[in-house]
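Visitor:
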Amino acid sequence: MQRPTDDRLQIPLSALNQYAYCPRRCFLIHGEGEFRHNVHTVSGTLEHERVDRQAGESKAGVRVEYALPVWSDALGLSGRCDAVEFHPDGAIYPVEYKHGKRKQWDNDDLQLTAQALCLEEMTGKPVTRGAIFHQQSKRRREVAFDDNLRRAVKSTTVEVRALLSSARCPPPLSGIDARRCGECSLRGICQPALIGSDRKLEHLSQTLFEPEEELP
Amino acid sequence: MTVLQNTLYVTTPEAYLRLEGETVCVMVEQQKRLQVPLHHLGALVLFDHVMLSPALLGRCAEDGRSVVWLNRSGRFQARLEGPVNGNILLRQAQFRAAENANGALGLARAMVAGKLRNSRQVLMRGAREAKSDVDRDTMVKAARILATQIRKLPQAETLDTLRGFEGDAARLYFESLPAVMREPVREQFPFEARSRRPPRDAFNALISFLYALVLADCRSALETVGLDPQLGFLHAVRPGRPALALDLLEEFRAPLADRLALTLINRGQIQPGDFDCREGGAVLLNDKGRKTVITAYQERKQETLTHPLLQQDTPIGLLPHLQARLLARFLRQDVPAYVPYLQR
Ligand code: SF4
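Protein sequence lines correspond, in order, to chains A and B. The opening residue of the first sequence carries number 0 in numbering that gives the first Met the number 0; numbering runs sequentially from there. The opening residue of the second sequence carries number 0 in numbering that gives the first Met the number 0; numbering runs sequentially from there.
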């Protein structure tokens with residue numbers, strides 16, 4: 000087994016989620032340290048909600064751990080689970096809380112699967128299912144950790160590590176993916192329109208020393 | 000960042016600002032004169048002897064809200080700095096770029112081009128609105144020479160040559176600026192050349208003060224983005240000098256300050272009575288004048304225009320932030336070029 004002190008870049012679980020949503024967003028947050036403030040704000044909000052939840056959720060025999068630190072030395076991943084249920088039959092069941100309404104991108108599933116892989120490595124027990132809890136609809140959506148998702152976690156971790164080690168910020172999303180910019184909290188920092196206009200930028204830069212002739 | 004937060008300017012001497020819940024209260028002689036929600040404020044700019052409560056100071060440091068103290072004439076005195084923000088990789092890139100002579104020269108050229116092109120726009124617009132042929136000719140002629148100077152910029156192979164070109168062009172620009180003033184007010188604001196520290200006529204006092212306001216905004220923009228405002232490309236590094244903020248200021252002098260100064264004069268919003276002449280020849284805006292200018296500047300910042308790169312309406316006050324962001328992205332090699340803001 001790899002020692003936890005190996006000097007591979009440790010990847011935060013949330014980085015996988017960010018990456019699946021938008022590599023540039025992942026880099027801005029984890030590679031450039033932007034937005035720390037707001038990220039904290041979000042976890043602060045979660046803390047509140049956790050307290051609200053606690054009461055209603057002690058179902059018969061189920062023990063729930065909130066904000067549980069988890070890690071995988073094999074993958075070089077670490078982070079926290081919003082909640083992990085330990086059922087009387089031995090089942091371990093991670094639950095991730097999301098603000099948004101419905102799942103729109105599969106990034107949440109990826110993050111949850113990564114948590115499962117961590118929990119498996121930590122406990123030596125299989126973790127086969129978990130759930131995403133959507134605050135708005137107050138609904139749980141169950142996720143089965145199939146081979147596809149597990150493979151995706153592994154390959155994404157490798158990609159994220161390469162990205163964060165490269166120190167190069169990826170370009171903004173384009174095409175149909177650019178729809179995601181609309182609800183991205185980093186839009187102001189990212190400035191997708193400003194940065195994405197490379198052609199215009201190059202044109203302006205080439206004509207910078209050529210003021211237009213037309214005089215009144 | 001996407002929303003343009005306001006800057007709170009406090010010019011009342013002996014005012015005391017304190018934190019009350021999530022708001023800032025401006026107290027004058029124990030009386031509450033103003034109460035503003037903190038989240039509306041991106042920066043506080045304080046003139047003269049304005050005091051801040053420790054709680055407010057701490058809160059501003061924590062939130063990264065800039066607090067700047069200026070003296071009466073708008074000269075920088077001090078600023079609050081919270082924990083070092085922004086990222087070290089960006090600052091490393093900035094330092095590398097500054098050490099690379101070619102890279103620095105390229106950036107400096109772009110900045111000078113921005114300055115001269117925007118200066119030229121002021122003259123062209125003046126020419127379009129000119130009431131007399133003589134004035135129009137003066138401005139058109141100057142604009143032509145400026146265009147020649149701009150085309151010459153790529154030939155400048157050292158920073159000194161570049162600064163030389165810039166100096167010549169700036170002199171020419173200022174010489175022709177009185178032509179942009181309306182005939183009746185021209186006599187009230189005799190203006191021959193740029194004078195600073197101290198300004199020696201009313202127009203110089205007015206633009207100096209506006210430059211100081213824009214400079215404070217450029218500085219906060221750079222700090223917000225995580226760039227070091229002291230390490231410039233066009234302006235040489237000197238202790239205590241915000242060289243990069245001065246670099247960024249160049250492209251905004253004409254559109255944000257000069258043009259506003261001319262508008263204020265042409266519309267009679269600023270008059271000779273708004274200035275104090277000091278023994279020996281220095282001229283400074285007085286209290287009333289400063290208030291008028293600050294109000295006008297604030298209003299100007301809320302106006303929107305179409306950004307040449309974004310193709311969308313952008314509040315004028317956000318322009319320094321966008322440029323700082325673009326500069327940071329260029330230094331991180333995220334975009335292929337740095338292009339200054341070009342006023343239409
Ligand atoms: S604004 Fe768009 S491109 Fe930028 S980080 Fe967000 S999703 Fe990615």
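We treat Cβ as the ideally placed atom computed from N, Cα and C, and that holds for glycine.
(1) Please return the same chain residues whose Cβ sits closer than 6 angstroms to the Cβ of residue 334 (chain B), not counting the five positions on each side in sequence.
(2) Would the beta-carbon of residue 180 (chain A) be found less than 6 angstroms away from any heavy atom of the ligand SF4?
(3) Under 7 angstroms between C-beta atoms, does residue 200 (chain A) make it to chain B?
(4) Sorry if obvious, but does the Cβ on residue 217 (chain B) come closer than 6 angstroms to a heavy atom of the ligand SF4?
(5) I'd like the list of long-range same chain contacts for residue 98 (chain A), defined as Cβ closer than 6 angstroms, with 5 residues on each side in sequence excluded.
(6) With residue 78 (chain A) as the anchor, note down where its beta strand (DSSP E) starts and where it stops.
(7) Mind listing which residues of the segment 303–319 of chain B have their C-beta closer than 9 angstroms to chain A's C-betas, in chain order?
(8) Output needed in chain order: residues of the segment 136–159 of chain B with a Cβ under 9 angstroms from some Cβ in chain A.
(9) Please confirm whether any heavy atom of the ligand SF4 lies closer than 6 angstroms to the CB of residue 171 (chain A).
(10) Can you name the residues of chain A whose CB is closer than 7 angstroms to the CB of residue 397 (chain B)?
(11) Suppose the cutoff is 6 angstroms on Cβ atoms and the five residues either side in sequence are ignored; what does the same chain contact list for residue 212 (chain B) look like?
(12) With DSSP collapsed to three states, give me the class of residue 219 (chain B).
(13) Find out if the Cβ-Cβ distance for the pair residue 20 (chain A), residue 147 (chain A) is shorter than 7 angstroms.
(14) Report the three-state DSSP secondary structure of residue 275 (chain B) (helix, strand or coil).
(15) Mind listing the chain A neighbours of residue 324 (chain B)? Cutoff is C-beta to C-beta under 8 angstroms, in chain order.
(16) With a threshold of 6 angstroms (Cβ to nearest heavy atom), would residue 185 (chain A) be considered close to the ligand SF4?
(17) Which bits of chain B does residue 85 (chain A) rub up against, with CB to CB less than 7 angstroms?
(18) At what residues does the beta strand (DSSP E) containing residue 95 (chain A) begin and finish?
(19) If you measure beta-carbon to beta-carbon, which residues of the segment 100–115 of chain B are closer than 7 angstroms to chain A?
(20) For the beta strand (DSSP E) that residue 28 (chain A) lies in, which residues bound it at each end?
(21) Shortest alpha-carbon distance to residue 260 (chain B) belongs to which of B:291, B:49, B:38?
(22) Under 7 angstroms, do residue 110 (chain A) and residue 15 (chain A) count as touching if we go by C-beta distance?
(23) Can you pull the chain A residues whose beta carbon is under 8 angstroms from the beta carbon of residue 119 (chain B), in chain order?
(24) Please list the partners that residue 165 (chain A) has in chain B, where partner means a Cβ-to-Cβ separation under 7 angstroms.
(25) Whole angstroms are fine: how far does the CA of residue 103 (chain B) sit from the CA of residue 96 (chain B)?
(26) I think residue 50 (chain B) touches residue 15 (chain B), with their Cβ atoms under 8 angstroms apart; what is that distance to the nearest whole Å?
(27) Taking the alpha carbon of residue 78 (chain B) as the reference point, which residue from B:183, B:152, B:189, B:47 has its own alpha carbon closest?
(28) Show which residues of chain A have a CB atom less than 8 angstroms away from the CB atom of residue 345 (chain B).
(29) Residues of the segment 67–79 of chain B with a CB closer than 7 angstroms to any CB of chain A: list them in chain order, please.
(30) Count the other CB atoms within 10 Å of the CB of residue 216 (chain A); is the residue buried (16 or more) or exposed (fewer)?
(31) Less than 6 angstroms separating the Cβ of residue 24 (chain B) from some heavy atom of the ligand SF4?
(32) Is it buried or exposed for residue 44 (chain A), if we count other Cβ within 10 angstroms and need 16 for buried?
(33) Measuring from the CB of residue 245 (chain A), is there a heavy atom of the ligand SF4 at a distance below 6 angstroms?
(34) Is residue 190 (chain A) helix, strand or coil by DSSP?
(35) Note down the Cα distance separating residue 46 (chain A) from residue 65 (chain A), rounded to an integer number of angstroms.
(36) For residue 312 (chain B), which residues does DSSP report across the bridge?
Guide: Straight from the coordinates:
(1) 328
(2) yes
(3) With a threshold of 7 angstroms between beta carbons, residue 200 (chain A) makes contact with chain B.
(4) no
(5) 134
(6) 76–85
(7) 306, 307, 308, 309, 310, 311
(8) 138, 139, 142, 143, 145, 146, 149, 150, 151, 152, 153
(9) yes
(10) Limits of chain B in this structure are 0 at one end and 343 at the other, which puts residue 397 (chain B) out of reach.
(11) 296
(12) In the three-state reduction of the DSSP assignment, residue 219 (chain B) falls in the helix class.
(13) When the beta-carbon positions are compared, residue 20 (chain A) and residue 147 (chain A) stay at least 7 angstroms from each other.
(14) For residue 275 (chain B), the secondary structure class from DSSP, reduced to helix, strand or coil, is strand.
(15) 188, 190, 193
(16) yes
(17) Those within 7 angstroms of residue 85 (chain A) in chain B number zero; the least Cβ separation is about 38 angstroms.
(18) Taken as a continuous stretch (DSSP letters only), the beta strand (DSSP E) holding residue 95 (chain A) covers 91–97.
(19) Cβ contacts with chain A come from 109, 112.
(20) Run containing residue 28 (chain A): none; DSSP gives neither H nor E here.
(21) Residue B:291 is the option with its Cα nearest to residue 260 (chain B).
(22) yes
(23) 210
(24) The premise fails here: residue 165 (chain A) is roughly 11 angstroms from chain B at the closest Cβ pair, so nothing lies under 7 angstroms.
(25) Using only the alpha carbons, I get a separation of about 6 angstroms.
(26) 5 angstroms
(27) B:47
(28) Since the first and last residues shown for chain B are 0 and 343, residue 345 (chain B) lies out of range.
(29) Sequence-ordered contacts of the segment 67–79 of chain B with chain A are nonexistent [C-beta pairs closer than 7 angstroms].
(30) With chain A covering only 0 through 215, there is no way to say anything about residue 216 (chain A).
(31) no
(32) Legend: pLDDT at residue 44 (chain A) = 49, less than 50; position of this residue unreliable, no value from coordinates given.
(33) Lying outside 0 to 215, the shown extent of chain A, residue 245 (chain A) is not represented and no answer is given.
(34) coil
(35) Reliability of the predicted coordinates at residue 46 (chain A) is poor, the pLDDT of 48 falling under 50, and the value obtained from them is presented with this limitation in mind. If you take the alpha carbons of residue 46 (chain A) and residue 65 (chain A), they lie about 9 angstroms apart.
(36) B:305
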